[in-house]
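A short write-up of the structure that comes next.
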Amino acid sequence: MSLPSPIGLLAELTHRCPLGCPYCSNPIDLVRASGELDARAWTRVMQEAADLGAMHVHLSGGEPLTRNDLAEIVNAANVAGLYTNLITSAIGLTPQRLTELKAAGLDHVQISIQGADPARADAVAHFKGAMKTKREAARHVVEEGLALTINAVVHRDNIRDLPQIIDLAQEWGAGRLEVAHVQYHGWALANRAGLMPSRDEFQTAAQVVEEARERLSGDLVIDHVIPDYYGERPKACMGGWGRQVIVVAPDGRALPCHAAASLPGLTFANVKNKSLSEIWKDDAAFQRYRGTSWMPKPCQGCERAEVDWGGCRCQAFALAGDASLTDPVCALSPNHATVAAAIAKDTAAPRAPYRFRRIGG
Ligand code: SF4
Ligand code: SF4
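Numbered per our numbering, the sequence shown spans residues 2 to 362.
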């Protein structure tokens, strides 16, 4: 099977973030500012990603706006010919900053929200006044003529507010709303008992999205990233290991997915020492779960083997203790019962207090 080019680069520019979302997908062991790649290294990475065939870059983190050299990095991506998407909490997205980023070539802004009710959203973000800042930033993005997506991560505390979240995305002028259920990696896994909605809540949310999609067709595109735990078959995590996306962590480690560093037994090459092309084509960690030859039964020979690529390696490790097993969210997995057990345990108990995300654990 020939090796595809990555479609996109996920550039995790920093792990610094003023917010403390308990569902953050960043690893528990966060990279400190002193360990971050500088703008010169990122400039090289942008060009190497474009040379490798990538078409877009997601500038993510942490909060990318904590970097004073963000405009320089955006400019480098733009010069390399990449479509640039800033994934941001919007804290620090002042009109001046936005103008500077637009001049550097920024194409698209994705603002995350923690809910529709300001007080409760700020409590989840662990940052007073966050919602007000986001609202103002969204207005500036629209005024600047940049494309705006609102990203709402839904969980036990805000899933019943989905109708209000949809209204808010419309009111703020977004062209797209991403309703993303928490995926349990990193901090989200540590907080699973406080975040997991019930099956009824999930099913109601799915109906709300379907109804809104019909009602708002032509005005607002709504993506719905369903929770893996309530699926019968897994998603193709990152489009398949080492198939569509290359992730570069703040310290320069190149990863097939943003959570892969949590897997034991894998060593990831660093862009400081190797080109993205060498890593993508030859690195042992990228080869480890690429394609289908590594697959165990029941994935081996399954008609969906090249559809979902066996699901998520990090989920297999988290739920079954072995990254090389079929993702337990698949109903065909011999470990599928671990998912039902996790749901039953997490939804039966009163909501556990959050462990808010912060550098230093
Ligand atoms: S999920 Fe929250 S804490 Fe994590 S990077 Fe995004 S805004 Fe910051
Ligand atoms: S058995 Fe494997 S390939 Fe088949 S649906 Fe389940 S996870 Fe996907």
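Yeah, the Cβ is synthetic: ideal placement off N, Cα and C, and Gly gets one too.
None of these values were measured; they are calculated from a predicted model.
For residue i, the residue or residues it bridges with in DSSP
i	result
residue 179	152, 224
residue 10	58, 247
residue 114	153
Start-to-end residues for the beta strand (DSSP E) that takes in residue i
i	result
residue 247	246-249
residue 278	That residue, residue 278, is in no beta strand (DSSP E); its alpha helix (DSSP H) goes 277-283.
residue 85	84-89
Which of helix, strand or coil DSSP assigns to residue i
i	result
residue 255	strand
residue 109	strand
residue 271	strand
residue 29	coil
residue 315	helix
residue 158	coil
residue 185	coil
residue 231	helix
residue 294	coil
residue 303	coil
residue 147	coil
residue 190	helix
residue 34	helix
residue 94	coil
residue 260	coil
residue 236	coil
residue 64	coil
residue 353	coil
residue 358	coil
residue 100	helix
CA nearest to the CA of residue i, picked from the options
i	options	result
residue 332	305, 325, 174	305
residue 147	312, 111, 318	111
residue 281	163, 325, 53, 251	53
residue 312	302, 77, 326	326
residue 259	350, 250, 152, 171	250
residue 254	275, 158, 242	275
residue 29	189, 346, 47, 193	189
residue 191	15, 27, 16	27
residue 350	210, 237, 193	193
residue 300	273, 285, 335, 321	335
residue 263	307, 322, 15, 291	322
residue 358	125, 6, 173, 318	125
residue 404	164, 232, 173	Given that the chain is displayed from residue 2 to residue 362, the structure contains no residue 404 and the question cannot be resolved.
residue 307	133, 96, 238	238
residue 119	176, 166, 140	166
residue 340	76, 200, 105	200
residue 183	247, 156, 59	156
residue 16	195, 269, 135, 88	88
residue 376	121, 177, 161, 216	Residue 376 is absent from the model: the chain starts at 2 and stops at 362.
residue 213	59, 168, 129, 139	168
residue 298	211, 177, 328	328
residue 44	71, 142, 196	71
residue 150	178, 345, 143, 95	178
residue 145	154, 6, 21, 109	109
residue 273	3, 21, 38, 4	38
C-beta contact flag for residue i and residue j at 8 Å
i	j	result
residue 13	residue 62	yes
residue 330	residue 198	no
residue 64	residue 90	yes
residue 19	residue 92	yes
residue 78	residue 67	no
residue 8	residue 208	no
residue 47	residue 81	yes
residue 265	residue 243	no
residue 319	residue 230	no
residue 50	residue 107	no
residue 315	residue 261	yes
residue 369	residue 40	Outside the displayed range of the chain (2 to 362) lies residue 369, so it cannot be described from this structure.
residue 171	residue 224	no
residue 310	residue 232	no
residue 181	residue 226	yes
residue 360	residue 33	yes
residue 355	residue 195	yes
residue 133	residue 114	no
residue 139	residue 173	yes
Bounding residues of the alpha helix (DSSP H) (the contiguous stretch that carries residue i)
i	result
residue 211	200-216
residue 47	40-53
residue 197	Run containing residue 197: none; DSSP gives neither H nor E here.
residue 79	71-80
residue 137	131-144
residue 346	338-349
residue 167	163-172
residue 308	306-309
residue 123	119-126
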